[in-house]
Amino acid sequence: MKAIVTVIGKDKPGIIAKVSTNLAEKGVNIEDISQTIVQGNFTMLMLCEINENKLSLIEVKNSLVELGKEIGVSIHVQHEDIFNAMHKI
Amino acid sequence: MALLNRNEILETIDMVEKEHFDVRTITMGISLLSCIREDAKTTADLCYEKICKKAENIVKVANTLESEYGIPIINKRVSITPASLLTNSFNGKEIVLAKALDRAAKTIGVDFLGGYSVLCQKGITKSEISFINSIPEALAVTDRVCSSVNVGSSKTGINMDAVKLMGKIIKDTAFKTAEKDGLGAAKLVVFCNAVEDNPFMAGAFHGIGEGETVINVGVSGPGVVHHALKAHKDSSLNEIAEVIKKTAFKITRAGQLIAKRASEMLNAEFGIVDLSLAPTPVMGDSVAHILEEIGVDVVGGHGTTAILAMLNDAVKKGGVMASGNVGGLSGAFIPVSEDIGMIEAANKGAISLAKLEAMTAVCSVGIDMVAIPGKTPESTISGIIADECAIGMINNKTTAVRIIPVPNKDVGDNVEFGGLLGMAPIMPVNPNGCERLINRGGRIPAPIHSNKN
């Protein structure tokens, strides 16, 4: 299943490292990544493949939301379909 | 992500985080026709079992979908076959069924169960009169049961005997829950042209033309529309209509996806998506503020009806393209106590029952969540219902009255229902009576345009 991970918050060293390490530990593959900083605000979007035989999207999400709280950024994990539904005809 | 634009992803996240976008309700409609038996207890027990079995997982599924898609799903609800069809053989004991329905709602964890209802738009049976007379007590002794009565339609005209009866029933319901400021009446809707697949409370019921179990989803998002319009301060009204349409499309698509998944997971038919801009009393979730953003200084001012007509229509157009099955009420709701902008307007005296009545001619429902003085005569309440029904009947649309005659309160007082039901000042009603009209009884014949065969 493909999921979009969104990380938004104040820029600081190590955000990408921590998020991608967390994903790697869960066997989640990052297929695409895009990141920008606008006026000190860090925004990263990742397209990930979650192997549902190992972990559900909700388990991945819970872990990342916790991580977000630790490092002070807001992390969302959402099924890709919601964006396709809302923005593609 | 190659196919997804980063702004689109961030837009969706902002809609939820900053603009109160949510799926307002997943409502499972359940047919209870198979539960009809001779006696009250057996029927009630069978209804309880069927609801608990069919909707056992509704809360779990809603929570899973909320988590997977990152869109809050606020309410989980059940609607049932109009209950008056189940109680024919045990008149006088309807409360046994009402209590069982309330227990079922609590067991499965849904916040409301709709369908303690009667359809009597043309005629009314003795059994239905007995059922209607049970409504005040049913709403007083239960917490989650909602009731509705359809008293008119474009096809049949208006059953004025039922209209007369409902004036009394609304008042009795409010007075039976006097210690909660008449809260019971907030769970009772009188309809003209009631729809059979409406997922929103208090008027939801599972129509007799529906299948065994069906999932209907209501999506909302006044805040999202309001936000989108803020970027168009100087646009003309046709440009504004386009913006509303596009926003409505996106919101409805999310509802469509969730409705489809929910119906698969709950093993029920996918019914409809109802895109209704349904406000809540929190800031940033107001339909009134959309109208004010477009250009009336305070909702209720001249021009309000025109903008509301455009808003309601644009919402429907966006929604229709986004889902194969748009239904329910779909449009804009204008409840007074549940909308912070309406509450503000009512406090300023900017909006009256007369203006609200005009607005209901062009929005998707009717006089909704309006608190009036407890001393208002029954016949005047019936008159308000009759006026709303006439608007619905002639315009081929659903209209409704959900009005609360607040016991021992009068104009100048406030009432607080709490939660999503909100708060409101008591609004004045026209002091001139209509008792002679209401006492005539009978039926207002169906309009000429009902004769289409």
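Chains as they are written, first to last, in my numbering: chain C, 1 to 89; chain W, 1001 to 1453. Just so it is clear, CB atoms sit at the ideal spot from N, CA and C, and this is done for glycine as well.
Across which residues does DSSP place residue i in a beta bridge pair?
{"i": "W:Y1069", "result": "Answer by DSSP bridge pairing: none, since W:Y1069 is not bridged."}
{"i": "C:A3", "result": "C:C48 and C:H79"}
{"i": "W:I1026", "result": "W:K1076 and W:V1217"}
{"i": "C:S74", "result": "C:I8"}
{"i": "W:L1371", "result": "Correcting the residue type first, residue 1371 of chain W is Ala in the shown sequence and not Leu. Note: W:A1371 sits in a beta bridge opposite W:I1404."}
{"i": "C:F42", "result": "C:G9 and C:I37"}
{"i": "W:V984", "result": "Not covered by the structure: residue 984 of chain W. The range shown for chain W is 1001 to 1453."}
{"i": "W:I1444", "result": "W:I1158"}
{"i": "W:V1411", "result": "W:D1413"}
{"i": "W:V1326", "result": "W:V1273"}
Beta-carbon within less than 7 Å of residue i's beta-carbon, same chain only, minus the 5 sequence neighbours each way: which residues are those?
{"i": "W:N1395", "result": "A1361"}
{"i": "W:V1296", "result": "G1303, T1304 and I1307"}
{"i": "W:A1322", "result": "F1249, T1252, R1253 and Q1256"}
{"i": "C:S74", "result": "I8, G9 and G68"}
{"i": "W:T1156", "result": "Q1121, K1122 and A1446"}
{"i": "W:K1454", "result": "Nothing about residue 1454 of chain W can be read from this structure; chain W reaches only from 1001 to 1453."}
{"i": "W:A1140", "result": "K1176, T1177 and G1184"}
Excluding the 5 residues flanking residue i on each side, which residues of the same chain have their C-beta closer than 6 Å to its C-beta?
{"i": "W:N1150", "result": "L1119, Q1121, F1191 and A1194"}
{"i": "W:T1142", "result": "A1098 and D1102"}
{"i": "W:D1181", "result": "V1406 and V1415"}
{"i": "W:A1386", "result": "V1163"}
{"i": "W:V1320", "result": "V1326"}
{"i": "W:N1198", "result": "A1204, G1328 and L1329"}
{"i": "W:G1383", "result": "C1434"}
{"i": "W:K1171", "result": "E1378 and P1405"}
{"i": "W:A1350", "result": "V1298 and G1300"}
{"i": "W:K1260", "result": "F1270"}
{"i": "C:D11", "result": "I37, G40 and F42"}
{"i": "W:L1046", "result": "C1035"}
{"i": "W:A1055", "result": "M1028, V1078 and I1108"}
{"i": "W:L1033", "result": "T1081"}
Just to confirm the assignment, what range does the beta strand (DSSP E) spanning residue i have?
{"i": "W:E1416", "result": "N1414 to E1416"}
{"i": "W:G1157", "result": "G1157 to N1159"}
{"i": "W:V1273", "result": "E1269 to L1277"}
{"i": "C:S34", "result": "N29 to V38"}
{"i": "W:L1188", "result": "L1188 to C1192"}
{"i": "W:M1423", "result": "M1423 to P1425"}
Should residue i go down as buried or exposed, given a rule of 16 or more other Cβ atoms within 10 Å for buried?
{"i": "W:T952", "result": "One cannot answer for residue 952 of chain W here, as it falls past the ends of chain W, which runs 1001 to 1453."}
{"i": "W:L1086", "result": "buried"}
{"i": "W:S1089", "result": "exposed"}
{"i": "C:H79", "result": "buried"}
{"i": "W:H1454", "result": "For residue 1454 of chain W there is no data in the structure shown, the boundaries of chain W being 1001 and 1453."}
{"i": "W:D1039", "result": "exposed"}
{"i": "W:D1339", "result": "buried"}
{"i": "W:P1222", "result": "buried"}
{"i": "C:D81", "result": "buried"}
{"i": "W:T1380", "result": "buried"}
{"i": "W:P1425", "result": "buried"}
{"i": "W:M1451", "result": "Rather than Met, the amino acid found at residue 1451 of chain W in this sequence is Asn. Exposed is the call here."}
{"i": "W:S1134", "result": "buried"}
{"i": "W:K950", "result": "With chain W running from 1001 to 1453 in the structure shown, residue 950 of chain W is simply not present."}
{"i": "W:I1215", "result": "buried"}
{"i": "W:P1136", "result": "buried"}
Could you tell me whether any Cβ in chain B is nearer than 8 Å to the Cβ of residue i?
{"i": "W:K1054", "result": "Checking the listed chains, one finds no chain B in this structure; the protein chains it contains are C and W."}
State the start and end residues of the unbroken alpha helix (DSSP H) segment that holds residue i.
{"i": "W:G1392", "result": "E1378 to N1395"}
{"i": "W:E1398", "result": "Reading off the sequence shown, one finds Thr at residue 1398 of chain W, where the question assumed Glu. Looking at the DSSP string, W:T1398 is not in any alpha helix (DSSP H), and its letter there is neither H nor E."}
{"i": "C:G68", "result": "L57 to I71"}
{"i": "W:D1045", "result": "A1040 to K1054"}
{"i": "W:I1334", "result": "That residue, W:I1334, is in no alpha helix (DSSP H); it is neither H nor E in DSSP."}
{"i": "C:K26", "result": "Where C:K26 is concerned, there is no enclosing alpha helix (DSSP H), given that its DSSP letter is neither H nor E."}
{"i": "W:N1439", "result": "E1435 to R1440"}
{"i": "W:H1289", "result": "V1287 to I1294"}
{"i": "W:E1019", "result": "R1006 to E1019"}
{"i": "W:K1316", "result": "T1304 to A1322"}
Give me, in chain order, the residues of the same chain whose beta-carbon lies closer than 8 Å to that of residue i; leave out the 5 immediate sequence neighbours on both sides.
{"i": "W:H1226", "result": "E1019, G1284, S1286, H1289, I1290 and E1293"}
{"i": "C:G27", "result": "N51, K54 and L55"}
{"i": "W:N1408", "result": "A1178 and G1374"}
{"i": "W:N1091", "result": "K1126, S1127, S1130 and F1131"}
Segments assigned beta strand (DSSP E), at least 3 residues, entirely inside the segment 1205-1237 of chain W = Within the segment 1205-1237 of chain W, the runs of beta strand (DSSP E) that reach at least 3 residues and sit entirely inside it are, in chain order, 1213-1219.
Can you list the alpha helix (DSSP H) stretches of 4 or more residues lying completely in the segment 1073-1155 of chain W, in chain order?
-> You should have 1094-1108 and 1126-1141.
Going along the chain, which unbroken runs of the beta strand (DSSP E) with 3 or more residues stay wholly within the segment 1342-1368 of chain W?
-> Here no run is fully enclosed.
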